[in-house]
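Participant: Start counting the sequence shown at 14; every next residue gets the next number (my numbering). C-beta: ideal position from N, C-alpha, C; glycine also. Questions regarding the structure given below will be posed in turn.
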Amino acid sequence: MVHVAVLGYGTVGSGVVEVIETNHASINKKAGNEIEIKYVLDLRDFPGDPVEKVLVHDFDVILNDPEVDIVVETMGGLHPAYEFTKAALLAGKCVCSSNKELVAQYGTELMQIAAEKDINYLFEASCGGGIPIIRPLNSSLTADEIDELAGILNGTTNYILTKMTQDGSEFEDALHEAQNNGYAERNPEADIEGYDACRKIAILSSLAYGRHIDYKEVYTEGITRITATDIKYAEAIGTRIKLLASSWKVPNMEDGFYAMVCPAMIRDTNPLYSVNDVFNAIFIHGNVLGDAMFYGRGAGKLPTASAVVADVVDCAKHLHRNILLNWSTHTLNLLNIEEAENRFFVRVKGSVSERFEEVTSVFGSIQPIQVPGVSGEFAFITDKMKEKVFAEKAEQISGGIISRIRAYF
Ligand code: HSE
Numbered sequence: 014m015v016h017v018a019v020l021g022y023g024t025v026g027s028g029v030v031e032v033i034e035t036n037h038a039s040i041n042k043k044a045g046n047e048i049e050i051k052y053v054l055d056l057r058d059f060p061g062d063p064v065e066k067v068l069v070h071d072f073d074v075i076l077n078d079p080e081v082d083i084v085v086e087t088m089g090g091l092h093p094a095y096e097f098t099k100a101a102l103l104a105g106k107c108v109c110s111s112n113k114e115l116v117a118q119y120g121t122e123l124m125q126i127a128a129e130k131d132i133n134y135l136f137e138a139s140c141g142g143g144i145p146i147i148r149p150l151n152s153s154l155t156a157d158e159i160d161e162l163a164g165i166l167n168g169t170t171n172y173i174l175t176k177m178t179q180d181g182s183e184f185e186d187a188l189h190e191a192q193n194n195g196y197a198e199r200n201p202e203a204d205i206e207g208y209d210a211c212r213k214i215a216i217l218s219s220l221a222y223g224r225h226i227d228y229k230e231v232y233t234e235g236i237t238r239i240t241a242t243d244i245k246y247a248e249a250i251g252t253r254i255k256l257l258a259s260s261w262k263v264p265n266m267e268d269g270f271y272a273m274v275c276p277a278m279i280r281d282t283n284p285l286y287s288v289n290d291v292f293n294a295i296f297i298h299g300n301v302l303g304d305a306m307f308y309g310r311g312a313g314k315l316p317t318a319s320a321v322v323a324d325v326v327d328c329a330k331h332l333h334r335n336i337l338l339n340w341s342t343h344t345l346n347l348l349n350i351e352e353a354e355n356r357f358f359v360r361v362k363g364s365v366s367e368r369f370e371e372v373t374s375v376f377g378s379i380q381p382i383q384v385p386g387v388s389g390e391f392a393f394i395t396d397k398m399k400e401k402v403f404a405e406k407a408e409q410i411s412g413g414i415i416s417r418i419r420a421y422f
């Protein structure tokens, strides 16, 4: 018998309990052991819920019970999740987590403790919800040197951008709709400002490239400045705007990696073009594999719980043996994003006839883009140039530019 304690009976924690109950027989068979939930920790009471039989309010009950082999951390937030996780690992208990904030901030330290104790700290559900991505990176793709990751890693913003594309709505209206449908949090800052996707790309990149990447080094822009007019232009040129989280290696430069989160226009030839609504997808390029893509539900109670329970099964199979993770304690410093090269979609005020000469004198030859229903402005797409060169050129446009979005094509 393997005893499990679940910290936090919220959406994901209650999903974990439900999945373990629903698929009890097949999960036990795959784990080669009987998995039983001995405790659920939550500050609240749940009168009438069968969870009451195993509900505790004091973490020390779990910590001091030698029968508890695996702790599931589905509390979210940094504190006290960090303290509880660390204490559990130091007490020799495996921990499975869905907490991307915690993994991005303290994952390196927690993994090291697990390795020293010959137990496991696993976090499949922290990126891409129910999509298997951590385990493939860590075990299926070990023959490859990964040189690129690009993903739609946040369901809320993908839902908002999909709504704006389908309905022609403005950002605020699509956000309210996402909130009313229960997708976006009441405080949606982490999603719409790109912070959530930033943590996830830092986690995936640390695993893919084998060293700790500090999420605070990842250049991050959210979707709050995307407007219905930007979407009109995007459609007119056969593209969609997606919040992309990406990281890539500069060819022939040892340890030369960039990472960034930003809205980007992509064409239908990009495999991420058709990833809509709350779905997530992660594109990977390996030097021997070539391209691969992982697609599925990036959030939600049962998909996320499915990933957490898969980690519980893995822990049960390796109770006293550390599964080596390709994420060392050494830090990989990212290159300065100002040196990265991109193309840019740019909107400027005025008519083409008035401003063509000025714009071409700054950006070189351009093809003006105009869309029906949008007057007093036009747009164009630049050649590939360094981020810092683009910023300098944009400054030279008199009165400034209206907006710019990276064009990934
Ligand atoms: N807020 C996250 C999202 C939940 O919208 O993708 C899953 O991490």
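In the DSSP assignment, the alpha helix (DSSP H) including Arg212 goes from what residue to what residue?
Facilitator: As a working note, residue 212 is residue 199 in the sequence shown. Note, Arg212: alpha helix (DSSP H), Tyr208 to Tyr222.
Participant: Is Ala312 a contact residue of the ligand HSE, with contact defined as CB to any heavy atom under 6 Å?
Facilitator: Sequence index remark: in the sequence shown, residue 312 carries index 299 (1-based). Yes, since a heavy atom of the ligand HSE falls inside the 6 Å radius drawn around the Cβ of Ala312.
Participant: Can you give, in chain order, each stretch of the beta strand (DSSP E) that sits fully within the segment 263 to 346 and has at least 3 residues?
Facilitator: Qualifying beta strand (DSSP E) stretches, in chain order: 270 to 280, 292 to 299, 303 to 310 and 340 to 344.
Participant: Do the CB positions of Leu256 and Pro284 come within less than 7 Å of each other?
Facilitator: For the purposes of this step, residue 256 is taken as residue 243 along the sequence shown, with counting starting at 1. For the purposes of this step, residue 284 is taken as residue 271 along the sequence shown, with counting starting at 1. Contact flag unset, no.
Participant: Return helix, strand or coil for Val15, following the three-state DSSP convention.
Facilitator: The residue labelled residue 15 in the question sits at position 2 within the sequence shown. Note: Val15 maps to strand in three-state DSSP.
Participant: Can you round the beta-carbon distance between Asn339 and Ala127 to whole angstroms, since I take them to be within the 8 Å contact cut?
Facilitator: On the sequence shown, position 326 is the one that residue 339 refers to. On the sequence shown, position 114 is the one that residue 127 refers to. In fact, because the Cβ distance is near 14 Å, the residues do not count as touching under 8 Å.
Participant: From what residue to what residue does the alpha helix (DSSP H) around Ile33 run?
Facilitator: On the sequence shown, residue 33 is found 20 positions in, with the first residue counted as 1. Looking at the DSSP string, the run of the alpha helix (DSSP H) that includes Ile33 is Thr24 to Thr35.
Participant: For Leu345, which of Trp261, Tyr52 and Pro381 has the nearest alpha-carbon?
Facilitator: Stepping through the sequence shown from its first residue, residue 345 is reached at position 332. The shortest Cα separation from Leu345 among Trp261, Tyr52 and Pro381 belongs to Trp261.
Participant: Could you check the C-alpha separation between Ile414 and Ala404 for me, to the nearest Å?
Facilitator: Here residue 414 refers to the residue found at position 401 when the sequence shown is read from its first residue. Here residue 404 refers to the residue found at position 391 when the sequence shown is read from its first residue. When rounded, the distance between both Cα atoms is 10 Å.
Participant: For a test of your reading of the model: does the CB of Thr169 fall under 6 Å from any non-hydrogen atom of the ligand NAD? Yes or no.
Facilitator: Absence of the ligand NAD is noted for the structure shown, with the ligand HSE being the only ligands found.
Participant: Would you list the residues sitting across from Ala420 in a DSSP beta bridge?
Facilitator: Looking up residue 420 in the sequence shown gives position 407. According to DSSP, Ala420 bridges with Met278 and Arg356.
Participant: Taking 7 Å as the threshold (C-beta atoms), are Met14 and Ile49 in contact?
Facilitator: Sequence index remark: in the sequence shown, residue 49 carries index 36 (1-based). Sequence index remark: in the sequence shown, residue 14 carries index 1 (1-based). Ile is not the amino acid found at residue 49; the sequence shown has Glu there. In contact: Glu49 and Met14 (Cβ atoms closer than 7 Å).
Participant: For Leu102, which three-state DSSP category applies?
Facilitator: Position 89 of the sequence shown holds residue 102. Reduced to three states, the DSSP call for Leu102 is helix.
Participant: Residues in its own chain within less than 6 Å of Leu150 by CB, not counting five upstream and five downstream?
Facilitator: In the sequence shown, counting from the first residue as 1, residue 150 sits at position 137. Contacts found: Leu220 and Ala221.
Participant: I'd like to check one pair, Ser139 with Val116: are the Cβ atoms closer than 7 Å?
Facilitator: The sequence position of residue 116 within the sequence shown is 103, counting from 1. The sequence position of residue 139 within the sequence shown is 126, counting from 1. Contact: yes.
Participant: Hey, could you find the ends of the beta strand (DSSP E) Ala163 is sitting in?
Facilitator: Against the sequence shown, residue 163 aligns to sequence position 150. Start and end: Ile159 to Ile165.
Participant: In chain order, what are the residue ranges of uninterrupted beta strand (DSSP E) at least 3 long that sit wholly in the segment 57 to 129?
Facilitator: With a minimum length of 3 residues, the continuous beta strand (DSSP E) runs that stay inside the segment 57 to 129 are 81 to 86 and 107 to 110.
Participant: Measure the Cβ-Cβ separation of Ile394 and Ala420 and say whether it is below 7 Å.
Facilitator: Residue mapping note: residue 394 aligns to position 381 of the sequence shown, counting from 1. Residue mapping note: residue 420 aligns to position 407 of the sequence shown, counting from 1. Yes, they are a contact pair.
Participant: Assuming Phe59 contacts Glu65 (C-beta within less than 8 Å), just tell me the rounded distance between them.
Facilitator: Residue 59 sits at position 46 when you count from the first residue of the sequence shown. Residue 65 sits at position 52 when you count from the first residue of the sequence shown. Indeed they touch by this definition, with Cβ atoms about 6 Å apart.
Participant: How about Ser259 and Gly143: do their beta carbons lie closer than 7 Å?
Facilitator: As a working mapping, residue 259 is identified with position 246 in the sequence shown. As a working mapping, residue 143 is identified with position 130 in the sequence shown. Contact flag unset, no.
Participant: Between the Cα of Val288 and the Cα atoms of Lys229, Ile297 and Phe307, which residue gives the shortest distance?
Facilitator: Numbered from 1 along the sequence shown, position 275 holds the residue referred to as residue 288. Selected option, being the one with the closest Cα: Phe307.
Participant: Among all the DSSP beta bridges, which residues are the ones paired with Ser260?
Facilitator: Here residue 260 refers to the residue found at position 247 of the sequence shown. Paired residues: Leu162 and Ala272.
Participant: Following a CB-centred definition, is Asp209 positioned closer than 6 Å to any heavy atom of the ligand HSE?
Facilitator: As a first step, residue 209 must be located in the sequence shown, where it is residue number 196. Yes; taking the cut-off as 6 Å, the Cβ of Asp209 has a heavy atom of the ligand HSE nearer than that.
Participant: Can you pull the DSSP bridge partners for His189?
Facilitator: Taking the sequence shown and counting its residues from 1, the one referred to as residue 189 is at position 176. DSSP lists no partner for His189.
Participant: So what does DSSP say about Glu230, is it helix, strand or coil?
Facilitator: Working through the sequence shown from its first residue, we reach residue 230 at position 217. The answer is helix: DSSP assigns Glu230 an H, G or I state.
Participant: Could you tell me the distance, in whole angstroms, from the CA atom of Glu114 to the CA atom of Arg310?
Facilitator: Position 101 of the sequence shown, counted from the start, is the residue given in the question as residue 114. Position 297 of the sequence shown, counted from the start, is the residue given in the question as residue 310. Whole-angstrom Cα-Cα distance: 19 Å.
Participant: For the ligand HSE, is there a heavy atom less than 6 Å away from the beta-carbon of Asp204?
Facilitator: Counting from one through the sequence shown, the residue named residue 204 turns up at place 191. It does: the Cβ of Asp204 is within 6 Å (strictly closer) of some heavy atom of the ligand HSE.
Participant: Any idea what DSSP makes of Ile401, helix, strand or coil?
Facilitator: Position 388 of the sequence shown holds residue 401. It should be noted that the sequence gives Lys, not Ile, for residue 401. Three-state result, Lys401: helix.
Participant: Output yes or no for whether 7 Å exceeds the beta carbon distance between Gly168 and Asn293.
Facilitator: Here the question's residue 168 lines up with position 155 in the sequence shown. Here the question's residue 293 lines up with position 280 in the sequence shown. Yes, Cβ-Cβ distance for Gly168 and Asn293 is below 7 Å.
Participant: How big is the Cα-Cα spacing for Ile350 and Ser378?
Facilitator: Counted from its first residue, the sequence shown places residue 350 at position 337. Counted from its first residue, the sequence shown places residue 378 at position 365. So the alpha carbons of these two residues sit roughly 25 Å apart.
Participant: Here's the rule I'm using: 16 or more other beta-carbon atoms within 10 Å means buried, otherwise exposed. How should Leu56 be labelled?
Facilitator: On the sequence shown, position 43 is the one that residue 56 refers to. Exposed, by the Cβ-count rule.
Participant: Give me the DSSP bridge partner(s) of Tyr196.
Facilitator: Sequence index remark: in the sequence shown, residue 196 carries index 183 (1-based). Tyr196 is not bridged to any residue.
Participant: For Ile146, tell me which candidate among Ala156, Asp82 and Lys213 has the shortest Cα-Cα distance.
Facilitator: Within the sequence shown, residue 146 is the residue found at index 133, counting from 1. If we check each option's Cα against that of Ile146, Lys213 comes out closest.
Participant: Whose C-beta lies closer than 7 Å to the C-beta of Val325 among residues of the same chain, with five residues either side of it excluded?
Facilitator: Residue mapping note: residue 325 aligns to position 312 of the sequence shown, counting from 1. Cβ within range, chain order: Val17, Ile48, Ile83, Val85 and Cys109.
Participant: Starting from the Cα of Ser411, find the closest Cα among Asp290, Leu315 and Lys362 and give me that residue.
Facilitator: As a working mapping, residue 411 is identified with position 398 in the sequence shown. The residue with the shortest Cα to Cα distance from Ser411 is Lys362.
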